[in-house]
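> Have a look at this one before I ask anything.
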Amino acid sequence: MVLGEPGAGKSVLMLRLLHDLIARRAAGDPVPVLFSLASWDPDQPLKTWMADQLRRTYPSLATVAPLPVALTYATDTGPSDLALYLLRAGHVLSLFDGFDELPPTRHATALDRLNRALPARQPLVLASRTDPYRTALTRPDTSVRLNGAAAIQLLPLKADDAADYLRRDAGGPHTPTADRWNTVITHLGTTSPVGQALATPLGLFLARTIYNPRPGTSPTSPPAPHPDELCNAAAYPDHAAINNHLFQAFIPAVYTPHQPHPPRWTAEQAHQTFGFLAQFQQDQRAGSPDIAWWELPKAIPQDLQFPFALPFVLAWSGSGTGSCPGPHSGSDSGLFPGS
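Under the working numbering, residue 719 is the last one in the sequence shown; the count climbs by one each step, no gaps.
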């Protein structure tokens, strides 16, 4: 179990674990695969859902498995395909993220289904926000826990570490830009709204992106706001209000014109695009945070797909490169933490 508060870094930790397990994997070992539980209905057999996810991500796994494997792992509908075979034969090491994104009324059922579907000695990792998981364990009508689970909990950032991060990103201690954080730093490690909001890696990353000026910012761009505004209790009475503000201010900050690689999209265009993608994820992928780029054509009405696609195909084929421009040129995508 990986437990933590919102923004504590659970999903990033799961991704790093995935890459580390792949790097250390020996021939014949199970292959680690990260699944997002947000799209799972616990009434659906777990391995059926997992096989569907594998087929979506790796279409070649929909191929019928070679004989006699296909018959050994056959289902009521016929011979097994590669996806179902890999799962039933124990060749997949399951990493489940987003347990808390399931409806709260389904948490206990989901834990029960996990216990029943996976062999007792088959390892797995499950990530969740702390409170939803604890609530699932202490429901008055039932008591279900993940069999044999050991848990780690991601703790809030230490105040000194958070302060060092903000100052270092601002150019180092005692610089004019770093001194802009002095008032905020007095709140770090406290239960004040800003202290709670900046106690997670996500909150801290958003804040430094928004409030630390970036080299090469266009002279015509508005100056970076002052972080003291986060301490305004009237404007931000609790940490949820600060979190909402940080999320709203993030895209305008990232898409501020700067040199030598200015963004190719305006903040307004980026906001509309990400809103469109979010709505598509909600409507077509049950709210999953994982974008399946090959399913994006479904977002365009069928009668408009050809008129929209034709100019793009002609431009793509005429360029001779086959490259598709992104929202930014150069190495800075503007949306990846650490960029």
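Ideal Cβ positions, reconstructed from N, Cα and C, are used throughout, including at glycine.
Look up F692 in the DSSP assignment and say whether it is helix, strand or coil.
For F692, the predicted model reports a pLDDT of 46, less than 50, meaning its position is unreliable; a value from the coordinates is still stated below. F692: helix per DSSP, three-state reduction.
> Compare the C-alpha of P410 against each of L473, S419, G478, L657 and name the closest.
The shortest C-alpha separation from P410 is found at L473.
> Hey, which unbroken runs of the alpha helix (DSSP H) at 4 residues or more fall wholly within the stretch 398-476?
Complete alpha helix (DSSP H) runs here, min 4: 426-437, 449-452, 462-468.
> By DSSP, does I532 sit in helix, in strand, or in coil?
Correct three-state label for I532: strand.
> Alpha carbon to alpha carbon, what distance is there between E648 and P632?
Distance between the alpha carbons of P632 and E648 is about 8 Å.
> By the 10 Å Cβ neighbour count, where 16 or more other Cβ atoms means buried, how is F656 classified, buried or exposed?
With fewer than 16 other Cβ atoms within 10 Å, it is exposed.
> Helix, strand or coil for S391, going by three-state DSSP, please let me know.
Looking at S391 - three-state DSSP - the assignment turns out to be helix.
> Can you tell me which of the three DSSP states H487 falls into?
H487 falls in the helix class under three-state DSSP.
> Less than 8 Å between the beta carbons of L464 and A500, yes or no?
No.
> Return the chain-ordered list of same chain residues with a C-beta closer than 8 Å to the C-beta of H606, the five sequence neighbours on each side being excluded.
R560, Y591.
> Report yes if the C-beta distance between V449 and D461 is below 8 Å; otherwise report no.
In this structure, D461 does not lie closer than 8 Å to V449 by Cβ.
> Would DSSP call V382 helix, strand or coil?
Looking at V382 - three-state DSSP - the assignment turns out to be strand.
> Could you say which of R405, T428, A543, A388 lies nearest to A454 if we only look at CA atoms?
Looking at the Cα atoms, T428 is the closest of the given residues.
> Are the beta-carbon atoms of R493 and L426 separated by less than 8 Å?
In contact: R493 and L426 (Cβ atoms closer than 8 Å).
> Apart from the five residues on each side of it in sequence, which residues of its chain come closer than 6 Å, Cβ to Cβ, to L434?
L441, A463.
> Any idea which residues DSSP pairs R509 with across the strands?
Beta-bridge pairing links R509 to G384.
> Taking the alpha-carbon positions, what's the N624 to Q661 distance?
Going from the Cα of N624 to the Cα of Q661 covers about 20 Å.
> Apart from the five residues just before and just after R594, which ones in its own chain have a Cβ nearer than 6 Å to its Cβ?
These residues qualify, in order along the chain: H638.
> Just the C-alpha distance for I532 and A629, rounded to the nearest angstrom, thanks.
Straight-line Cα distance between these residues: approximately 32 Å.
> Bridge partners for L584 per DSSP, in chain order?
L584 is not bridged to any residue.
> At 4 residues or longer, what runs of the alpha helix (DSSP H) sit wholly inside the stretch 644-677?
Runs found: 647-664.
> By the three-class DSSP mapping on this structure, what secondary structure does L546 have?
Looking at L546 - three-state DSSP - the assignment turns out to be helix.
> From the DSSP output, which residues share a beta bridge with L504?
DSSP output for L504 lists S474 as bridge partner(s).
> Note down, in chain order, each residue of its chain lying with its Cβ closer than 6 Å to the Cβ of N612, except the 5 sequence neighbours on either side.
Closer than 6 Å at Cβ, skipping near neighbours: no residue.
> Taking the straight line between their C-alpha atoms, what separation do you get for L498 and D540?
Their Cα atoms are separated by approximately 42 Å.
> For P607, name the three-state secondary structure that DSSP assigns.
Helix at P607.
> Using the C-alpha atoms, what's the distance from P446 back to L535?
When rounded, the distance between both Cα atoms is 47 Å.
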